[in-house]
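Trainee:
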Ligand code: C5P
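Numbering (our numbering), first residue to last: 8 to 313.
1) Which residues mark the beginning and the end of the beta strand (DSSP E) in which residue 148 is found?
2) In this structure, how does DSSP classify residue 71 when only helix, strand and coil are distinguished?
3) With DSSP run on the structure shown, which of helix, strand or coil describes residue 197?
4) Quick check on this structure: which residue in 162, 299, 147 and 274 has the alpha carbon closest to the alpha carbon of residue 285?
5) Closer than 7 Å to a non-hydrogen atom of the ligand C5P - does that hold for the CB of residue 42?
6) With 16 as the cutoff for other CB atoms within 10 Å, does residue 283 come out buried or exposed?
7) With 16 as the cutoff for other CB atoms within 10 Å, does residue 49 come out buried or exposed?
8) From the DSSP output, read off the bridge partner residues of residue 238.
9) With a threshold of 8 Å, are at least 3 pairs of Cβ atoms found where one atom belongs to the region 107 to 115 and the other to the region 22 to 32?
10) Can you give me the C-alpha to C-alpha distance between residue 151 and residue 40, rounded to a whole angstrom?
11) Under a Cβ-count criterion, where at least 16 other Cβ atoms within 10 Å of its own Cβ denotes burial, should residue 9 be classed as buried or exposed?
12) Leaving out five residues before and five after residue 258 in sequence, what residues of the same chain have Cβ atoms less than 8 Å from its Cβ?
13) List the endpoints of the continuous alpha helix (DSSP H) containing residue 290.
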């Protein structure tokens with residue numbers, strides 16, 4: 008089908024947030040090469056922006072905002088657009104421009120954000136109005152974190168992290184992110200997690216999410232939440248990238264309530280009491296030469312900007 012309704016001159020812009028895992032419990036590797044998770048996601052105010060414009064011939068192209076062309080068919084945004092074309096019988100194409108702020112291979116679902124953004128942008132560009140559940144199923148085919156990038160807010164994730172239950176929470180939490188020049192490969196971090204567990208280091212089974220943590224989140228109570236933050240992948244991330252241990256220490260020295268490796272790392276997130284505390288912590292961390300960013304959460308998932 009060729010889409011009659013679309014406007015060739017249309018430019019669709021979609022903003023997609025990064026995520027933190029406030030809790031991340033990891034179970035033993037399953038037969039499909041994945042680990043079962045019990046996690047709590049929070050979307051935070053660090054965004055990638057995906058712009059989609061029409062191409063008439065079915066081609067899908069992707070580039071960064073500074074016009075650098077990215078690897079074609081393997082890019083998650085391209086795979087997202089192709090999947091949508093295929094499932095909806097679309098013969099039109101698109102050019103996707105990705106303005107990145109979320110670090111690549113940083114543990115904040117940067118690649119997943121681009122896939123979620125491409126799904127939302129292309130659906131709008133091609134005049135589709137997919138059922139949210141259908142879009143979530145497509146998202147899960149693209150990657151475990153893509154459904155949450157679509158949804159945003161706060162959610163419990165089970166399965167591979169793709170089965171979501173949204174949580175209603177009050178208030179805003181303030182975080183200071185510390186970026187790392189290095190990237191960490193998610194599969195590699197999971198492999199190291201398996202090795203450490205085999206060596207007796209790490210949880211033997213999949214732990215449940217602490218009810219106290221959910222209560223603290225629901226109440227927006229940073230002080231109560233701080234001691235409950237947990238990430239089973241942190242040890243593996245630090246093992247693969249030892250400077251992370253020093254970063255976590257620096258966050259505590261800078262006055263954070265608690266520090267956390269974000270997902271599979273290496274980005275670290277430090278919880279502040281409130282916005283002004285976050286400013287103080289980020290100033291102190293920036294003074295140590297680290298690249299920092301203050302963010303707040305929760306924020307909505309992938310949304311068109313106009
Ligand atoms: O789902 P996604 O393609 O983002 O996952 C990338 C890799 O991360 C998987 O191939 C797997 O090695 C690892 N992974 C895992 N367990 C999960 C999610 C991801 O082992 N729940």
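Where is the CB? At the ideal position from N, CA and C, for every residue including glycine. The model shown is predicted, which means the values in this text are computed figures rather than measured ones.
Mentor: Straight from the coordinates:
1) The residue you call residue 148 lines up with position 141 of the chain shown. Where residue 148 is concerned, there is no enclosing beta strand (DSSP E), although the alpha helix (DSSP H) around it starts and stops at 139 to 149.
2) Residue numbering aside, residue 71 sits at position 64 when the chain shown is read from its first letter. DSSP places residue 71 in strand when its eight states are reduced to three.
3) Against the chain shown, residue 197 aligns to sequence position 190. Three-state DSSP puts residue 197 in a helix.
4) The residue labelled residue 285 in the question sits at position 278 within the chain shown. The shortest Cα separation from residue 285 among 162, 299, 147 and 274 belongs to 299.
5) For this step, residue 42 is matched to residue 35 along the chain shown. Under cutoff, so the answer is yes.
6) Residue numbering aside, residue 283 sits at position 276 when the chain shown is read from its first letter. Classification of residue 283: exposed, given that the 10 Å Cβ count is below 16.
7) Residue mapping note: residue 49 aligns to position 42 of the chain shown, counting from 1. Of the other Cβ atoms in all chains shown, 16 or more fall within 10 Å of the Cβ of residue 49; this residue is therefore buried.
8) Position 231 of the chain shown, counted from the start, is the residue given in the question as residue 238. Under DSSP, residue 238 takes part in a beta bridge, and its partners are 31.
9) The region 107 to 115 makes contact with the region 22 to 32; the number of CB pairs closer than 8 Å reaches 3 or more.
10) Looking up residue 151 in the chain shown gives position 144. Looking up residue 40 in the chain shown gives position 33. Roughly 12 Å between the two C-alpha positions.
11) Indexing the chain shown from 1 puts residue 9 at position 2. At residue 9, the pLDDT of 44 sits below 50, so the modelled position is not reliable; the number obtained from the coordinates is stated separately. It counts as exposed.
12) One-based indexing of the chain shown puts residue 258 at position 251. 183, 185, 266, 275, 277, 288 and 292.
13) Along the chain shown, one-based indexing puts residue 290 at 283. Residue 290 -> alpha helix (DSSP H) spans 282 to 294.
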